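Engineer:
Chains as they are written, first to last, in the working numbering: chain L, 273 to 930; chain Z, 67 to 270.
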């Protein structure tokens, strides 16, 4: 009887709770903060508000904010992992063994990479896409509003799975890409790798659906007159990035599924025996993984392409070459994946091909760098805080790029493969490219969506702390890598002489954390002083694209009149032209809120949890519930409500124009 | 912008519906392209592993081309009847639509039955997905196609109930159009499975 009941729970039993003090502390902290949030919501009676205004919302402006909130929380978690790794590596020398065991250390670096790429990078990216793209193309909504909510909730569900592993069970200790045979059942028998597989599977499908949605939106829903070559550069870069998502994420879905089939059904795709081929996994995961880098960085490039012209009061230099650079990067990013494993032994000719392709990708990237610099040249540059992020980016990213071209030479790569030189290189690309880009974007668009701007002084201070901290944290890693320090090292001998450099790197991370603290302070101060920084005009930066032509924050239909576009930088031209005659308002159709997204998140969570713990009835029930919901929901027309002309007139009447 | 262009920017209800159809079908095409990449990845793994039999049987001993030819012809015929069904839906011939999709459904069911028969046969002979990398790749590729066909059957079943109840409404015709795109797509994937898995498996 007891064993039958225990059988209902698959592999799940009492031993699943955390054992080690550090993980216990993390788990307790997480559970307590969730309880605190729940208590606050109950005390202020905000549950219904949360459900109606946010959780069931299909407004991309709200979904975008939810993406960014999750991404910033995950950034805190990923940063905590980074701090632990820095403390470990600075102290675990000789007789000292640091603060965590090697097994926990492995989970920590696996979780750090996974969380930072999938839940911070992708979250910030989809957040900004949701917020900005519909407004920039003069649309009132996305192509499939309900699907958009579902995508978000799949992302959220993946995020919950990754964090649940801290409390129930364990996380993968096989690195952020879980190479087999280490990640196979034989060498990783626990649930850690399964948590990794399913959180990425669920979040990845969300990203794929989001890509389909936004590609359709950009292709089909642009304002009249906005042909492709009149689109803002951010929209172009999003189109490039999401085309990559559409082509790369199915490969990820397949790869994760095959690894799971190996682990759960005893198949032999990537096993070391039985006719499996572990190197096939490495090829597949990088056929997704390399494009993923560009998926993240292209929209960040797009952000800079908006910011630099706006703060230089000048049109973007080389618009056409910018577009071609994006598409050259999109194409080339599928032809370089092998440079992640030159040491596989594919032979000199194969390595030479991929080495040359990798060097080629520096050309379109260089085109973009020079276009931004030429945009600034002879412009009236305003060094607002987004420009500080940009300057940090342009300097550090170029340095990191040069290190990348260096490693594109297979012979050099053999020397630095899996060393800290590589770790320093890709952090330079991701942190200064993606993170700085999205921070700049958040600062730039914050007043548009919240109605007041962020505190400038603290913003500049935060950017400077991040830049200085970054140089101190990752500069030493380049040197350590050349000295022979490998990545994922939890202990080393004092005779190596590495400790001073690791301590400097630790100080660098402390400065970055100080920068992040200043950002939190900036948010608090900005909220307190909001009345001094209100954006009444809707165009607080005197910017160029259509999102600045509507109120801040925009009404939920975005535009009372669909804008008509005559040129690039549509708003810049429009506000310098004749004032348009006032026109009568017409009613607008808008989609109703729906619980479909929340349901999709809940069901995918149940499916994932069932698969991780081998609770197969739960897994089946999750699928059945999904199928039934889809059948019921798809038989009804999209539910819409109408906003009457009178309501629109009332909302627009409140807006004060400068 | 004057009054004239402003009013011409407003879409009539009919135009709005056409635009929505346009968007939905475009989005569905995009989905099919991503599914194409998914199958492409599975084909790639199959081609890499097809000789990794680990001492077990290979395609030449396991596959019967006559059996697979029967499966192929059934699926091709179902695609034909599905195409006729869409033509009937466009003309608003409700009963004909039900008949044609009914035949398509039965053919699809027969295909799945044959596939399960083949899988069952292999499994019982000890040639399951655990036997070798080749068989893992075979079961996964062909099984994923079978899973898609099953999803299509489920979709077709609910569509027939809805057409019977609500007739050929605009929503139903749009979904039938997407269903037929899906069905033809799976047919094309099957042609590649027939060639790469079965024909090459026996001949090469």
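From the three backbone atoms N, C-alpha and C, an ideal C-beta is built for every residue, glycine too. Note that the structure is a prediction, hence the values are computed from the model and not measured.
#1: Where do the N-terminal and C-terminal ends of the beta strand (DSSP E) with residue 860 (chain L) fall, by residue?
#2: Establish whether the CB of residue 189 (chain Z) and some CB of chain L are separated by less than 8 Å.
#3: For residue 459 (chain L), which residues in chain C fall below 7 Å Cβ to Cβ?
#4: Alpha carbon to alpha carbon, what distance is there between residue 453 (chain L) and residue 531 (chain L)?
#5: Contact criterion: CB-CB distance below 8 Å. Does residue 112 (chain Z) meet it with respect to chain L?
#6: For a quick check, are the C-beta atoms of residue 495 (chain L) and residue 845 (chain L) less than 8 Å apart?
#7: Roughly how far, in whole angstroms, is the beta-carbon of residue 575 (chain L) from the beta-carbon of residue 709 (chain L), given that I think they are within contact range, below 8 Å?
#8: Hey, residue 182 (chain Z) and residue 253 (chain Z): beta-carbon distance below 8 Å or not?
#9: Using DSSP with H/G/I as helix, E/B as strand and the rest coil, what is residue 913 (chain L)?
#10: Using a Cβ-Cβ cut-off of 8 Å, state whether residue 145 (chain Z) counts as contacting chain L.
#11: Is it buried or exposed for residue 482 (chain L), if we count other Cβ within 10 angstroms and need 16 for buried?
#12: Residue 83 (chain Z) versus chain L: which residues are under 8 Å apart at the beta carbon?
#13: Please classify residue 80 (chain Z): is it buried, with 16 or more other beta-carbons within 10 angstroms of its beta-carbon, or exposed?
#14: What's the C-alpha gap between residue 800 (chain L) and residue 724 (chain L)?
#15: List the whole-angstrom C-beta distance separating residue 664 (chain L) from residue 735 (chain L), where the pair is believed to meet the contact cut-off of C-beta under 8 Å.
#16: Grouping DSSP H, G and I as helix and E and B as strand, with all else coil, what is residue 234 (chain Z)?
#17: Report buried or exposed for residue 69 (chain Z), applying the criterion of at least 16 other Cβ atoms within 10 angstroms of its Cβ.
#18: Roughly how far, in whole angstroms, is the beta-carbon of residue 595 (chain L) from the beta-carbon of residue 562 (chain L), given that I think they are within contact range, below 8 Å?
#19: Give a yes or no on whether 8 Å exceeds the smallest Cβ distance from residue 224 (chain Z) to chain L.
#20: In chain Z, which residues lie less than 9 Å from residue 549 (chain L) when you measure between Cβ atoms?
#21: Go ahead and pull the three-state DSSP assignment for residue 657 (chain L).
#22: Taking C-alpha atoms, which residue in L:403, L:764 and L:298 lies nearest to residue 826 (chain L)?
#23: Residue 492 (chain L) versus chain Z: which residues are under 7 Å apart at the beta carbon?
#24: Does DSSP classify residue 809 (chain L) as helix, strand or coil?
#25: Taking 7 Å as the limit between beta carbons, can you name the residues of its chain near residue 119 (chain Z), skipping five residues before and five after?
#26: Please work out which residues of its chain come closer than 8 Å, Cβ to Cβ, to residue 525 (chain L), disregarding the five sequence neighbours upstream and downstream, and give them in chain order.
#27: Can you give the Cα-Cα distance for residue 670 (chain L) and residue 692 (chain L), rounded to whole angstroms?
#28: Let me know the alpha helix (DSSP H) ranges lying completely inside the region 816-891 of chain L, each 4 residues or longer, listed in chain order.
#29: The alpha helix (DSSP H) that contains residue 88 (chain Z), what's its start and end?
#30: If we define contact as Cβ-Cβ less than 8 Å, is residue 246 (chain Z) a contact residue for chain L?
#31: Could you check if residue 592 (chain L) is buried or exposed, using at least 16 other CB atoms within 10 Å of its CB as the buried criterion?
#32: Within the continuous alpha helix (DSSP H) that includes residue 169 (chain Z), where are the two ends?
#33: Where in the region 315-347 of chain L do unbroken runs of the beta strand (DSSP E), each at least 3 residues long, occur, reported from the N-terminal end onward?
#34: Give, in chain order, every unbroken run of the alpha helix (DSSP H) that is at least 4 residues long and sits entirely within the region 579-616 of chain L.
#35: From which residue to which residue does the alpha helix (DSSP H) around residue 382 (chain L) run?
#36: Would you verify that the beta carbon of residue 215 (chain Z) is, or is not, closer than 8 Å to some beta carbon of chain L?
Structural biologist: So, from the listed chains and residues:
#1: 860-863 is the extent of the beta strand (DSSP E) around residue 860 (chain L).
#2: False, the Cβ-Cβ gap to chain L never drops below 8 Å.
#3: You won't find chain C in this structure, because its protein chains are L and Z.
#4: If I take the Cα positions, the gap works out to 10 Å.
#5: False, the Cβ-Cβ gap to chain L never drops below 8 Å.
#6: No; because the gap between Cβ atoms is not below 8 Å, this pair is not in contact.
#7: Between residue 575 (chain L) and residue 709 (chain L), the beta carbon gap of about 5 Å places them in contact (Cβ cut-off 8 Å).
#8: Judged by their CB atoms, residue 182 (chain Z) and residue 253 (chain Z) are not nearer to each other than the 8 Å cut-off.
#9: Reduced to three states, the DSSP call for residue 913 (chain L) is strand.
#10: Not closer than 8 Å to any Cβ of chain L, the Cβ of residue 145 (chain Z) fails to qualify, so no.
#11: So residue 482 (chain L) ends up on the buried side.
#12: Within 8 Å of the CB of residue 83 (chain Z), no CB atom of chain L is found; the nearest one sits about 10 Å away.
#13: So residue 80 (chain Z) counts as exposed.
#14: Using only the alpha carbons, I get a separation of about 11 Å.
#15: That pair is a contact at about 6 Å.
#16: If DSSP states are grouped into helix, strand and coil, residue 234 (chain Z) belongs with coil.
#17: Caution applies to residue 69 (chain Z), whose pLDDT of 38 falls short of 50 and renders its modelled position unreliable; the value that the coordinates give is listed next. The residue is exposed, with fewer than 16 neighbouring Cβ atoms inside 10 Å.
#18: Taking 8 Å as the upper bound for CB-CB distance, residue 595 (chain L) and residue 562 (chain L) are not in contact here, some 22 Å apart.
#19: For residue 224 (chain Z), the answer is yes, since a Cβ of chain L falls inside 8 Å of its Cβ.
#20: Residues of chain Z passing the Cβ test: 111, 114, 115, 118 and 199.
#21: In the structure shown, residue 657 (chain L) sits in a helix (DSSP, three-state: H, G or I).
#22: Comparing alpha-carbon positions, the option among L:403, L:764 and L:298 lying closest to residue 826 (chain L) turns out to be L:403.
#23: The contacting residues are 88, 89 and 92.
#24: Coil at residue 809 (chain L), not helix or strand.
#25: Correct list, in chain order: 198 and 200.
#26: These residues qualify, in order along the chain: 473, 476, 477 and 480.
#27: Distance between the alpha carbons of residue 670 (chain L) and residue 692 (chain L): 19 Å.
#28: Taking only runs of at least 4 residues, the alpha helix (DSSP H) segments lying wholly in the region 816-891 of chain L are 842-848 and 868-884.
#29: Counting along the chain, the alpha helix (DSSP H) containing residue 88 (chain Z) begins and ends at 79-115.
#30: Not one chain L Cβ lies under 8 Å of residue 246 (chain Z).
#31: Under a 10 Å Cβ-count criterion, residue 592 (chain L) is classified as exposed, with fewer than 16 other Cβ atoms of the shown protein chains found around its own Cβ.
#32: Looking at the DSSP string, the run of the alpha helix (DSSP H) that includes residue 169 (chain Z) is 160-190.
#33: Under the rule that a run must span 3 or more residues, no beta strand (DSSP E) segment is found entirely inside the region 315-347 of chain L.
#34: With a minimum length of 4 residues, the continuous alpha helix (DSSP H) runs that stay inside the region 579-616 of chain L are 591-604.
#35: Element bounds for residue 382 (chain L): 374-386.
#36: Not an interface residue.
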